[in-house]
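Engineer: Position one of the sequence shown corresponds to residue 210 (this note's numbering), numbered consecutively onward. Note that beta-carbon positions come from the ideal geometry of N, C-alpha and C, so glycine has one too.
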Amino acid sequence: MSLLYEGKAKRVFSTEQPDVLRIEYKDEVTAGNGAKKDAMVGKGRLNNQITSHIFEYIKKEGVDSHFVQQLSETEQLVKAVDIVPLEVVVRNIAAGSITKRLGFEKGHVFDYPFVEFFYKNDDLNDPLITDDHVKLLGIADDTTIAQLKEQALRINQALIKLMDEMGLALVDFKIEFGVDREGQLLLADEISPDTCRIWDKATQENFDKDVYREDTGSLIDTYQTFLNKLEAL
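(1) Any idea which residues DSSP pairs Y266 with across the strands?
(2) Apart from the five residues just before and just after V221, which ones in its own chain have a Cβ nearer than 6 Å to its Cβ?
(3) Where in the segment 270-331 do unbroken runs of the beta strand (DSSP E), each at least 3 residues long, occur, reported from the N-terminal end onward?
(4) Nearest to L337 by CA position, among Q366, V298 and K217, is which residue?
(5) On the DSSP bridge assignment, give the partners of S223 in chain order.
(6) Excluding the 5 residues preceding and the 5 following G241 in the sequence, name in chain order all residues of the same chain whose CB lies nearer than 8 Å to its CB.
(7) For L439 and I407, I'd like the C-alpha separation in whole angstroms.
(8) Is the separation between the beta-carbon of L357 and that of K329 shorter than 8 Å?
(9) Give the secondary structure of A349 by DSSP, where H, G and I count as helix, E and B as strand, and everything else as coil.
(10) Between which two residues does the alpha helix (DSSP H) containing V420 stretch?
(11) Counting along the chain, where does the beta strand (DSSP E) carrying K246 start and finish?
(12) Kindly identify the DSSP beta-bridge partner or partners of Y214.
(13) Which of helix, strand or coil does DSSP assign to E391?
(14) Do K217 and G251 have their C-beta atoms closer together than 8 Å?
(15) Using the rule of at least 16 other Cβ atoms within 10 Å of the residue's Cβ for burial, across every protein chain shown, is A367 buried or exposed?
(16) In or out: T404 buried (at least 16 other Cβ within 10 Å) or exposed?
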């Protein structure tokens, strides 16, 4: 088994099966496109376990993903996919970049959830792009764009339901998709407090990576509490 790719939070390895990969979650945390970076013992375990739980949950809700199974505390097996070079963001409540970009007050509840596309390109700092940009860049056609939005909103509904059971509000999240060897569009990468913005409904306390971005608490303790809530369902 050889290392195929190493990113900020994960390593990807080949397996004996050409259409299956092994993902190892790292004990590293970054923010600001890597401008802030730290090693944190236990983070890989937490993100792997949280993502595994959530992928299993949304499968029951009818959402197909690349997830095959959790392999160990820090590893999982996934289907090999060609990643669509888009970060697909769904927003329910105003927070983060959209408050600076469009002037929405933090905490403003949008009339309806909506989808944004960000072009996965480190040199360009992952810019926000339109549907036309997606087509002109050759990333996806109208049909695939519609599928991406439909799937993202479906995942949003499933996650809102899950978070509600935990007493939490889903503010926003980013996901990635990939295409498998049969041409099927699948949810890929991860869903965890690294990729979601989650608030406690009663206290507005963060249950996500903002505790690290803003130095407001222990990321490991926060993620462990989130996992405990998830496992208690």
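Structural biologist: Reading from the atomic positions:
(1) Note: Y266 sits in no beta bridge, so no partner.
(2) Answer for V221: L213, Y214, L230 and I232, listed in chain order.
(3) As far as the segment 270-331 is concerned, its whole beta strand (DSSP E) runs of at least 3 residues are 276-279, 284-288, 295-302 and 318-328.
(4) Considering only Q366, V298 and K217, the residue with the shortest C-alpha distance to L337 is V298.
(5) S223 is bridged to L230.
(6) So the qualifying residues of the chain are R422.
(7) About 13 Å.
(8) Contact: no.
(9) The three-state reading of DSSP puts A349 in coil, since its state is none of H, G, I, E or B.
(10) Segment D419 to R422, the alpha helix (DSSP H) holding V420.
(11) Annotation for K246: the continuous beta strand (DSSP E) segment containing it runs K245 to A248.
(12) V221, per the DSSP bridge assignment.
(13) DSSP places E391 in coil when its eight states are reduced to three.
(14) Cβ distance not < 8 Å, so K217 and G251 don't count as in contact.
(15) So A367 counts as buried.
(16) So T404 counts as buried.
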